[in-house]
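Every number in the numbering used here is 24 more than the matching position in the sequence shown, counting from 1.
All C-beta atoms, glycine included, are put in the ideal place defined by N, C-alpha and C.
Below: the structure, in structure tokens.
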Amino acid sequence: MATDSLTSATGASGAPGGLRRLLLDNGALTALIVLVVALSALSGDFLTTDNLLNVGVQAAVTAILAFGVTFVIVSAGIDLSVGSVAALSATVLAWSATQHGVPVVLAVVLAVATGLVAGLVSGFLVAYGKLPPFIATLAMLSVARGLSLVVSGGVPIPFPDSVSHLGDTLGDWLPVPVLVMVAMGLIAAFVLGRTYIGRSMYAIGGNEEAARLSGLRVPRQKLAVYALSGVFAAVAGVVLAARLSSAQPQAADGYELDAIAAVVIGGASLAGGTGKASGTLIGALILAVLRNGLNLLNVSAFWQQVVIGVVIALAVLLDTVRRKAGATPAAAGAGGPKGRQTLTYTLAAVVTVAVVGATSFLHGGSSSAANPKMGLSLSTLNNPFFVQIRAGAQAEAKKLGVDLTVTDAQNDASQQANQLQNFTSSHLGAIIVNPVDSDAAGNSVKAADKAGLPVIAVDRGVNKASVDALVASDNVAGGELAARTIAQKLGGKGRIVILQGQAGTSAARERAAGFAKGLEAFPGIQVVAQQPADFDRTKGLDVMSNLLQAHPDVQGVIAANDEMALGAVKALGSRAGKSVAVVGFDGTPDGLKAVEGGTLYASVAQQPTQLGRIAVDNALRAVRGKKVEPTVKVPVKVVTRRNVAGFSG
């Protein structure tokens, strides 16, 4: 074994073998260099100071989470709870500081303690309860997310101003999240390479039984490993909430997958025993560079998911090739001789700067496009309503000769903040935003305003920031219309259930407020149940099926969108449109077909296609310096079987 290693190391000095070994030993770094060079060649907006700082900010939360996950993966475990723990910790901080008057310093301590306790619970279940790490942390994922919703009441909580500075910049150019990321990375590197617990992680991950027989208290060390992961998750949650100026109960949803991906891309093995903080940082940067570059290149949000999945698969494949080729894994105290490691990073920096400098000439003499360029960030494209907004915006952009880039925030306020930052640094003519959350979009819109870019909000407004125009229908007024429609259909008396939208979103809150306000005029209408179904048809079907078991005599249903309404129609079967009236919201194509067929009694239509068209038209007016109205209202309309034939969204 020693002879093989010696032979391998000696063979590395030969030229093409040496280059091959260098690339295999530093696969993640090589991939990052290739990405930077390629994106610099493809987009003139990529290689700017503002955009590179954007990449750092966008990598920060994932990297901090991933540093904590590195500890767990090195010790042959897995932690699926870090995203939910991050949200819970931030919620505890905001809840205690703003709603209960707890001093901010103590509130920060409580937030970190929350992450610590969550990690200790997961660690106890793994170390002493003998649960598989996957199951233990999956349970904590659900518990932490649920507690976040309970503590916040499903509503974002404003973050204390003194802590929100973590999302700001120093000297108007250096982002604080990047500094926090670097600091947490140094701590992670120190723990892994210079402490007893770090060496214990590698020992447990390499061979747990051997570690136990050598006298290592494995259960105690595992407890500490998961506790560290929880603390890092808490710090990430605070940084994320500071960027958004609010603690979002649904924040960091799915971030655990990005964190695990960053660790694996960085060279760690899911089998345990290998991994290092520098590799994890590179992995997080690769994910951030990919998303940033694909946004700049106007790649479809759906294809972005495909590309990132392929990159993760290639990273694991490269790790397999590296091991078969005998490349040195990153283990305890790993990294090889310090001189060689320093030389590798220096060589990488020199090569990157040289090649990127050369490619910059490709864009040096280019002139701006004749057509005005705009960016549209939608809260989600997993909903027909927002797909129609996109369709209307794209049709109008084509008609007016506008180059429109559309992105999908996937109901993630942090991801939308990243997209808006990318738009701001890309020198677009204007930005159109459909906020995931009105409060969370504020900081990003302020940055666009500071850069002199017109911003048009569509469907939902932006709080704590000024926009040139708001193009929207009134969700509260629409909710009132829905309530009056169902009440009048039932003659002012009856038992109904309400299917609410995704907890924590402004649309869900506003429509629910409208339902409540509209029903005040009908005391004979009894709401027997209200449950969230997350704007999803399948969940609408499941929730309605469950409610029918407890309330089989229900006579009406109000759903906060057509997707949930159609799920309820499926659950009701032959009763839909006959003994039970169902009212939806949005006026989507499928919803209107159901109205025409009689299974859906009505839909409160917001005319989403018109929202998209008008938003682009107003954005172009703002770009050309023409006056735009601060508020452009698109009226909502109740569509029933009587008027559906003449309706067009």
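Option nearest residue i by Cα separation, candidates the options
| i | options | result |
| --- | --- | --- |
| glycine 615 | Ala536, Gln630 and Ser603 | Gln630 |
| valine 628 | Val552, Ser530 and Ile510 | Ile510 |
| glutamine 634 | Ser449, Arg414 and Thr193 | Arg414 |
| phenylalanine 539 | Glu504, Gln550 and Val552 | Glu504 |
| glycine 608 | Trp327, Ile228 and Ile582 | Ile582 |
| serine 497 | Leu144, Met225, Pro156 and Val662 | Val662 |
| glutamine 736 | Arg267, Val521, Asp610 and Ala532 | Absent from the structure is residue 736, since the part of the chain shown begins at 25 and ends at 673. |
| alanine 163 | Gly107, Gly195, Ser176 and Thr193 | Gly107 |
| proline 273 | Val179, Ile228 and Ile306 | Val179 |
| leucine 198 | Val79, Val109, Phe91 and Gly147 | Val79 |
| threonine 448 | Leu76, Ala142, Val323 and Leu53 | Leu76 |
| glycine 222 | Lys594, Ser253, Ile306 and Asp185 | Ser253 |
| histidine 124 | Val567, Phe183 and Ser598 | Phe183 |
| proline 156 | Gln328, Lys246 and Val167 | Lys246 |
| tyrosine 250 | Gly147, Leu281, Pro201 and Gln328 | Gly147 |
| alanine 83 | Ala308, Ser462, Val109 and Thr219 | Ala308 |
DSSP-derived helix/strand/coil call for residue i
| i | result |
| --- | --- |
| serine 569 | helix |
| leucine 477 | coil |
| proline 547 | coil |
| alanine 471 | helix |
| proline 243 | helix |
| isoleucine 221 | helix |
| isoleucine 455 | strand |
| valine 288 | helix |
| threonine 72 | coil |
| valine 593 | helix |
| leucine 155 | coil |
| serine 392 | Summary for serine 392: the model assigns pLDDT 43, below 50, so the residue's position carries little reliability, and this model does not support an answer. |
| leucine 514 | coil |
| aspartate 432 | strand |
| valine 486 | coil |
| leucine 216 | helix |
| leucine 56 | helix |
| leucine 165 | helix |
| valine 668 | helix |
| glycine 357 | The pLDDT assigned to glycine 357 is 46, lower than 50, so where the model puts this residue is not dependable, and the model offers no usable value. |
| leucine 294 | coil |
| asparagine 446 | helix |
CB contact flag (residue i, residue j, <8 Å)
| i | j | result |
| --- | --- | --- |
| proline 480 | alanine 325 | Sequence check: residue 480 is isoleucine here, not proline. Result no, Cβ atoms of isoleucine 480 and alanine 325 do not sit closer than 8 Å. |
| valine 604 | alanine 589 | no |
| leucine 311 | alanine 285 | yes |
| isoleucine 102 | valine 96 | yes |
| leucine 320 | asparagine 446 | yes |
| glycine 239 | glycine 297 | no |
| serine 105 | leucine 149 | no |
| asparagine 667 | valine 656 | no |
| valine 126 | serine 120 | yes |
| aspartate 427 | lysine 397 | yes |
| threonine 94 | threonine 304 | yes |
| leucine 53 | glycine 317 | no |
| serine 269 | glycine 466 | yes |
| threonine 612 | valine 593 | no |
| alanine 531 | arginine 484 | yes |
DSSP bridge partner residues for residue i (one or two, in chain order)
| i | result |
| --- | --- |
| serine 627 | Gly608 and Val663 |
| aspartate 427 | Lys397 |
| proline 556 | Gln524 |
| valine 581 | Val521 and Val606 |
| proline 408 | The partner list for proline 408 (beta bridge, DSSP) is empty, contrary to what the question assumes. |
| alanine 271 | Ile181 |
| phenylalanine 86 | Checking the sequence, you will find threonine at residue 86 rather than phenylalanine. In the DSSP output, where bridge partners are listed per residue, threonine 86 has none listed. |
| valine 656 | Val495 |
| threonine 193 | Pro199 |
| alanine 600 | Val604 |
| leucine 237 | None; leucine 237 has no bridge partner. |
| leucine 402 | Asp432 |
Distance cut-off 7 Å: residue i Cβ against heavy atoms of the ligand ADP
| i | result |
| --- | --- |
| glutamine 439 | Of the ligands one can find in the structure shown there are none, so the ligand ADP has no counterpart to examine. |
Legend entry - At least 3 beta-carbon pairs within less than 8 Å: the segment 557–564 vs the segment 207–218: no
Inset, instruction - For the segment 259–270 and the segment 448–455, state whether three or more C-beta atom pairs, one from each stretch, are separated by less than 8 Å. - result: Proximity of the segment 259–270 to the segment 448–455 falls short of the contact definition, fewer than three beta-carbon pairs being nearer than 8 Å.
Inset, instruction - Please determine if the segment 245–257 and the segment 181–196 are in contact, where contact requires at least 3 C-beta pairs separated by less than 8 Å. - result: no
Inset, instruction - Tell me, please, whether the segment 427–440 touches the segment 55–74 by the rule of three or more beta-carbon pairs shorter than 8 Å. - result: no
Legend entry - contact_flag[the segment 114–123, the segment 168–178] where n(CB pairs < 8 Å) is 3 or more: yes
Inset, instruction - Report yes or no: do the segment 127–136 and the segment 327–340 share at least 3 C-beta pairs separated by less than 8 Å? - result: Touching, no.
Legend entry - Segment contact flag, the segment 464–473 with the segment 484–502, C-beta cutoff 8 Å, min 3 pairs: yes
Inset, instruction - Report yes or no: do the segment 62–75 and the segment 423–438 share at least 3 C-beta pairs separated by less than 8 Å? - result: No, they do not touch.
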